[in-house]
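Using UniProt numbering, you'd call the opening residue of the sequence shown number 1 and step up by one each time. Down below is the structure, laid out as C-alpha cells.
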Amino acid sequence: MAAIDVSLFTGIGLSEQKAKETIKNEHVSQLLKLAIEQAKRCGLSSVDKDVGKLLYNVATRLKKQIQSHQGLLVDYIATKKITTELQLNAAMDYLLHNPLPPVDTTRLEQESGVGVAITPEQVEEAVEEVMEKYKKELLEKRYNFSAGILMGEARNKLKFADGKMIKNEVDMQVLHLLGPKTEADRQKPVTKKAENTKQNESRSKEPQTESFLNPDGSIKSFMQVAGEAVHFHKVGENYKTDGYVINEHTMERLKKHVEAVKGKVHSRFPPEPNGILHIGHAKAINFNFGFAKAMGGFTYLRYDDTNPEKEEEKFFTAILDMVQWLGYQPFKVTHASDYFQELYDFAVVLIKKGFAYVCHMKSDDIKGFNPPDSPWRNRSKEESLRLFEDMKAGKIAEGEATLRMKHILEEGKKDPVAYRIKFTPHHRTGDKWCIYPTYDFTHCLCDSLENITHSLCTKEFQSRRSSYYWLCNIVDAYCPVQWEYGRLNLNYAVVSKRKIGKLISEGHVRDWDDPRLFTLTALRRRGFPPEAINYFCGKVGVTMSQTILHPSMLEACVREVLNVSAPRAMAVLDPLKVTITNFGDAPNDVNVPNFPANEAKGSHRVPFTATVFIERDDFREKSDKNYKRLSTDQPVGLRHTGYVITVEKVIKDDDGNVCELLASCKRSAETDKPKGFIHWVCEPLVCEVRLYEILFHHKHPEDKNVVPGGFLTDINKNSMQVIPNAYVDVSVKNAKLYDRFQFERVGFFTVDRDTTSTKMVFNRTVTLKEDPGKK
Numbered sequence: 001m002a003a004i005d006v007s008l009f010t011g012i013g014l015s016e017q018k019a020k021e022t023i024k025n026e027h028v029s030q031l032l033k034l035a036i037e038q039a040k041r042c043g044l045s046s047v048d049k050d051v052g053k054l055l056y057n058v059a060t061r062l063k064k065q066i067q068s069h070q071g072l073l074v075d076y077i078a079t080k081k082i083t084t085e086l087q088l089n090a091a092m093d094y095l096l097h098n099p100l101p102p103v104d105t106t107r108l109e110q111e112s113g114v115g116v117a118i119t120p121e122q123v124e125e126a127v128e129e130v131m132e133k134y135k136k137e138l139l140e141k142r143y144n145f146s147a148g149i150l151m152g153e154a155r156n157k158l159k160f161a162d163g164k165m166i167k168n169e170v171d172m173q174v175l176h177l178l179g180p181k182t183e184a185d186r187q188k189p190v191t192k193k194a195e196n197t198k199q200n201e202s203r204s205k206e207p208q209t210e211s212f213l214n215p216d217g218s219i220k221s222f223m224q225v226a227g228e229a230v231h232f233h234k235v236g237e238n239y240k241t242d243g244y245v246i247n248e249h250t251m252e253r254l255k256k257h258v259e260a261v262k263g264k265v266h267s268r269f270p271p272e273p274n275g276i277l278h279i280g281h282a283k284a285i286n287f288n289f290g291f292a293k294a295m296g297g298f299t300y301l302r303y304d305d306t307n308p309e310k311e312e313e314k315f316f317t318a319i320l321d322m323v324q325w326l327g328y329q330p331f332k333v334t335h336a337s338d339y340f341q342e343l344y345d346f347a348v349v350l351i352k353k354g355f356a357y358v359c360h361m362k363s364d365d366i367k368g369f370n371p372p373d374s375p376w377r378n379r380s381k382e383e384s385l386r387l388f389e390d391m392k393a394g395k396i397a398e399g400e401a402t403l404r405m406k407h408i409l410e411e412g413k414k415d416p417v418a419y420r421i422k423f424t425p426h427h428r429t430g431d432k433w434c435i436y437p438t439y440d441f442t443h444c445l446c447d448s449l450e451n452i453t454h455s456l457c458t459k460e461f462q463s464r465r466s467s468y469y470w471l472c473n474i475v476d477a478y479c480p481v482q483w484e485y486g487r488l489n490l491n492y493a494v495v496s497k498r499k500i501g502k503l504i505s506e507g508h509v510r511d512w513d514d515p516r517l518f519t520l521t522a523l524r525r526r527g528f529p530p531e532a533i534n535y536f537c538g539k540v541g542v543t544m545s546q547t548i549l550h551p552s553m554l555e556a557c558v559r560e561v562l563n564v565s566a567p568r569a570m571a572v573l574d575p576l577k578v579t580i581t582n583f584g585d586a587p588n589d590v591n592v593p594n595f596p597a598n599e600a601k602g603s604h605r606v607p608f609t610a611t612v613f614i615e616r617d618d619f620r621e622k623s624d625k626n627y628k629r630l631s632t633d634q635p636v637g638l639r640h641t642g643y644v645i646t647v648e649k650v651i652k653d654d655d656g657n658v659c660e661l662l663a664s665c666k667r668s669a670e671t672d673k674p675k676g677f678i679h680w681v682c683e684p685l686v687c688e689v690r691l692y693e694i695l696f697h698h699k700h701p702e703d704k705n706v707v708p709g710g711f712l713t714d715i716n717k718n719s720m721q722v723i724p725n726a727y728v729d730v731s732v733k734n735a736k737l738y739d740r741f742q743f744e745r746v747g748f749f750t751v752d753r754d755t756t757s758t759k760m761v762f763n764r765t766v767t768l769k770e771d772p773g774k775k
C-alpha cells in the first residue's frame with residue numbers, strides 16, 4: 001500500500017504533528033484519504049480547514065458498524081449541506097440508530113439540520129428569552145454569573161445555530177444589561193469563610209456520617225460507590241457499541257430480544273466449577289450482579305461446566321454460597337451443560353455454512369499463535385458433518401480429532417477449537433456426550449440463548465470479542481454485547497487453584513478457607529464482612545487496566561465497616577493476675593457500651609471482682625515520661641469501671657518473672673485523673689485466639705525473578721500465631737459462627753468454625769490500626 005504524504009493531511013488544515021500521528025494509524029489514515037479523495041470528486045478543487053475538520057471527524061469518530069455510510073456523510077460535507085460539527089454529530093447519531101440500508105435521507109436531513117438556516121434575528125430573540133429568565137441573578141452576580149449557562153440554554157432553543165453567533169449575541173446583551181466591567185467585577189469572587197470556631201467545635205462533637213454509609217446507616221453498595229464510572233448501552237441498543245456486527249437480521253433479533261427480557265438488564269456470572277472463588281471474583285460478582293440489580297434487572301449464575309475432568313460438587317456449592325454471602329441472589333442457576341444439545345446444533349450449522357471443519361492435527365501441533373494451516377481445512381462440508389457425527393458417537397479416539405472454526409481471533413490465534421473428544425462421564429449428563437465444547441465456542445452462544453444484555457468479563461477476553469460477535473452472527477443467533485474490565489489482584493497472595501492446592505497438600509495452609517488466603521471462603525472465615533468486600537471493590541472502580549493492590553487497602557475498608565458494626569468486648573491475650581486488696585463495696589458487675597461512640601446502640605454487663613486480669617505488657621515495674629499504663633509508681637484506670645488501681649506489691653516466681661500484682665483501688669472521682677486507661681477481664685472465658693499475618697514475604701511471590709525458588713520458598717513461617725489460653729469477657733459466650741467483635745485495644749475478631757461446646761476459637765480479622773510496617 002502506497003505511503004501517504006504528510007502534505008495530503010496538512011493540506012486540509014491538520015498540523016504537521018497531528019498529520020504525522022494520523023499516518024501512524026493505518027486504518028484511520030486510509031479512511032481519511034478516501035474521504036478527501038471523495039470530497040474532491042464531488043467538485044471541491046481544494047478542501048478548506050472547516051471541511052477538513054469535518055472529514056477528519058468522520059474518519060476518526062464514525063463507529064465501525066456504520067462505516068459503510070462514510071461516503072454518504074462525505075457527500076453532505078462536500079456539498080456544504082452539513083457545515084458544522086453539531087450537524088455531523090446529529091447525522092452520525094441518526095445513522096447509529098438506523099444503521100441498515102437503505103438510508104431515509106429525508107429523515108437524516110431533518111435530524112441533522114440540513115437546509116436549516118438560523119437568522120441573526122432568531123439568535124437575538126432566543127438569547128433575549130434566556131437573559132430575561134436569569135435577569136435577577138445577572139444583576140445580583142454581574143460578571144460572576146456563568147455565561148455558559150446562557151449560551152447552553154440559547155443553543156437548546158436553536159439546535160443548529162452557530163456557536164460563535166450565539167456567544168457574540170450573549171456577550172453583547174450582557175454588556176448592554178450590566179455595562180462595562182467595574183473594578184469590583186474584576187476581583188475574584190470571595191468564597192464564604194468557614195463558620196466561626198465555636199460553631200465548628202460544636203459540629204465536631206456531633207456524630208459524623210462516614211463516607212461509606214447511607215443516611216439510614218447501611219453500607220453503600222458496589223454500584224453506589226463505583227456506579228458513576230459505569231456507562232453501558234441501553235437494553236436493545238447493542239448496535240451502538242463499537243465493533244458490534246450488524247446484518248439484515250440484527251434489528252429484528254434485537255426487537256425479539258427486548259420483548260424476551262421485558263426491557264430489563266440481564267447479566268451473568270459464569271465461573272468454572274473447578275476451584276474456590278477468590279478476591280478477584282468478588283469484583284466480577286459485584287460487577288455482574290451489582291450492575292443488573294442497580295438497573296432493576298437480573299443475573300444468571302451459570303456454571304461453565306464444559307470440562308468434565310475438573311468438576312467437583314463442593315465447588316458448585318461453594319460458589320453459590322459465596323455469591324449469596326456477598327448479598328446477591330441469582331435470577332436463575334444454570335449450567336453450560338444445560339445447552340449441550342443447542343450448542344451441538346449450532347456446530348452443525350457452522351459446518352453446513354462452511355465455517356468449521358474436522359481436523360486431525362494433534363493438540364501440541366496447534367498450540368500458540370502461528371501453527372501451520374491444517375491440511376484438512378478445506379475438506380468438504382459433507383465429510384466434516386459425517387466425521388463430527390462419528391466424534392459424537394464415540395467412533396473416533398480421544399485426541400484424534402477436533403472441530404475447528406474458520407476464524408482468526410484478534411490476538412492472532414487461527415482456527416480455534418470448538419469441540420474436542422473426552423471419554424469422561426459428565427457430572428450432570430453422564431455418558432450422553434463424549435464431545436465437549438470449548439470456552440471460545442460455548443460462552444457467547446450460552447449468552448445468546450439466555451438473552452444476556454450485557455456480557456461483562458475481564459480484560460483478557462477482549463481478544464475474543466470479535467470472535468464472540470462473529471460466531472453469534474454466523475449461526476444466526478441473537479448477539480449480546482461484551483464489555484471488558486480490569487482484573488483485581490492483591491500483592492502477597494496467590495489465587496491460582498493449582499498453587500493453592502499445592503499450599504494445602506504441602507501443609508502450609510489448612511484448607512481452601514485458611515484465613516491467610518484470599519479466597520472468599522477464607523476471607524469469610526477470617527471475619528471480613530461481605531459489605532466491606534463489596535465496598536472495597538466499588539472503591540477500586542471499573543477500570544480497564546489490571547489492578548494489583550496491597551492487602552492493607554482491603555483491610556482499611558474492613559476496619560471502617562467493623563468499626564460501626566462490631567460490638568465491643570474485652571479480651572486479654574497474655575494475662576497477668578491483679579488482686580485488688582481493698583475491693584470492698586465495689587460493684588460486682590459493670591455496664592459496658594456495645595459502641596462507646598454511640599451508646600444508643602446498647603450495652604452489656606460483665607463481672608467486676610477483686611481478681612482482675614490485665615495484659616502483661618500493660619504493666620512495667622518502672623515507668624518513663626512516655627509510658628501511660630500501669631507501673632509501681634503510676635496508677636491506671638480500668639475501662640468502664642470508674643475505678644483507678646495502684647500497685648502495692650509485685651509478686652514474682654522463682655525465675656524472677658512477675659506472676660501477680662497486689663493493688664488497691666479508688667473511685668475515679670476520689671483521685672487525680674490517671675495518665676491512661678486499660679482493658680481487663682474478670683471471671684473470663686478461656687478461649688483460643690489465632691493471629692494472622694501476610695502469608696508471603698514478597699509482594700510478588702509468583703515472580704521467579706523476585707523469588708527464584710518459587711512461591712513455596714517464600715512462605716512466612718510466622719503467618720499464624722496461636723494463643724491457646726486467652727481470656728475473653730463473658731459477653732461473647734453465646735456468639736455464633738462468624739459473629740464479629742472489637743476486642744478493645746486489641747483488634748477485630750470473629751468466631752471460628754473450630755469452636756466447640758467447651759472452647760471458643762477466635763480469628764483476628766484485622767488490627768485496630770494499620771501496621772506502619774505494611775506500607
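The C-beta atom is built at its ideal place from N, Cα and C for all residues, glycine as well. The model shown is predicted, which means the values in this text are computed figures rather than measured ones.
With 16 as the cutoff for other CB atoms within 10 Å, does residue i come out buried or exposed?
| i | result |
| --- | --- |
| Pro567 | buried |
| His581 | At residue 581 the sequence reads Thr, which differs from the His that was named. Its Cβ having fewer than 16 others within 10 Å, Thr581 is exposed. |
| Gln482 | buried |
| Ser505 | exposed |
| Gly710 | exposed |
| Ala90 | buried |
| His176 | exposed |
| Phe441 | buried |
Excluding five sequence neighbours on each side, which residues of the same chain lie with their C-beta closer than 6 Å to the C-beta of residue i?
| i | result |
| --- | --- |
| Asp585 | none |
| Pro207 | Reliability fails at Pro207, whose pLDDT of 39 lies under 50, so the model's placement of it is uncertain and the value that follows must be treated cautiously. Cβ neighbours of Pro207 beyond the five flanking positions: none. |
| Asn591 | Ser603, Arg605 |
| Asp617 | none |
Could you name the residues that DSSP lists as bridge partners for residue i?
| i | result |
| --- | --- |
| Thr750 | Arg740, Asn763 |
| Tyr357 | Arg404 |
| Ile614 | Leu576 |
| Arg620 | Ser631 |
| Ile219 | Leu213 |
| Gly637 | Val644, Phe677 |
| His335 | Tyr303 |
| Leu662 | Thr579, Lys649 |
| Lys414 | Ile408 |
| His426 | Gly430 |
Can you name, in chain order, every residue of its own chain whose Cβ lies under 7 Å from the Cβ of residue i, other than the five neighbours on each side?
| i | result |
| --- | --- |
| Gly71 | Gln38 |
| His278 | Val495, Phe518, Thr519, Leu520 |
| Ser204 | Because the pLDDT at Ser204 is just 39, under 50, the model does not fix this residue reliably, and the point stays unresolved. |
Nearest to residue i by CA position, among the options, is which residue?
| i | options | result |
| --- | --- | --- |
| Glu128 | Asn144, Arg404, Leu158 | Leu158 |
| Ile694 | Ser552, His640, Glu702, Lys652 | Ser552 |
| Phe458 | Met165, Ala284, Lys699 | Here residue 458 is Thr; the residue named in the question, Phe, does not match the sequence. With distances taken between Cα atoms, Thr458 lies closest to Ala284. |
| Arg464 | Arg428, Asp415, Leu490, Lys188 | Asp415 |
| Gly656 | Ile678, Leu523, His697, Glu621 | Glu621 |
| Glu342 | Cys444, Asn563, His508, His266 | Cys444 |
| Ala260 | Glu272, Gly297, Phe287 | Gly297 |
| Trp680 | Val235, Arg639, Cys359, Leu768 | Arg639 |
| Phe608 | Asn598, Pro587, Asp617, Arg616 | Pro587 |
| Tyr643 | Phe316, Ala610, Tyr436 | Ala610 |
| Lys164 | Thr84, Lys234, Ala522 | Thr84 |
| His697 | Leu471, Ala154, Asp714, Phe287 | Asp714 |
Under 8 Å Cβ to Cβ from residue i, same chain only, skipping five residues before and after it: list those, please.
| i | result |
| --- | --- |
| Tyr239 | Gln65, Leu96, Pro99, Ile246, Thr250, Met251, Leu254 |
Confirm the yes/no value for this check: CB of residue i, any heavy atom of the ligand FMN, distance under 7 Å.
| i | result |
| --- | --- |
| Phe619 | With respect to the ligand FMN, the structure shown offers nothing to examine, as it has no ligands at all. |
- Query: Which ranges does the beta strand (DSSP E) cover as unbroken runs of at least 3 residues, wholly within the stretch 668-737, from first to last along the chain?
  - Reply: 685-692, 720-728, all fully within the stretch 668-737.
- Query: In the stretch 130-170, which residue ranges form an unbroken alpha helix (DSSP H) of at least 4 residues, counting only runs that do not cross its ends?
  - Reply: 135-141, 147-157, all fully within the stretch 130-170.
- Item | Within the stretch 428-497, ranges of the beta strand (DSSP E) (whole runs, at least 3 residues) | Runs found: 435-437, 454-458, 481-485, 488-490.
- Item | Runs of alpha helix (DSSP H) wholly within the stretch 262-301 (minimum 4 residues, chain order) | If we require 4 residues or more, the alpha helix (DSSP H) runs fully inside the stretch 262-301 come out as 279-285, 291-294.
- Message: Report the start-end ranges of each alpha helix (DSSP H) in the stretch 537-606 that is 4 residues or longer and not cut off at the edges.
- Response: Correct list: 551-565.
- Query: Whole alpha helix (DSSP H) runs in the stretch 26-107 with 4 or more residues, listed along the chain?
  - Reply: Considered as a whole, the stretch 26-107 harbours 26-41, 49-61, 70-78, 85-97 as its complete alpha helix (DSSP H) runs of no fewer than 4 residues, in chain order.
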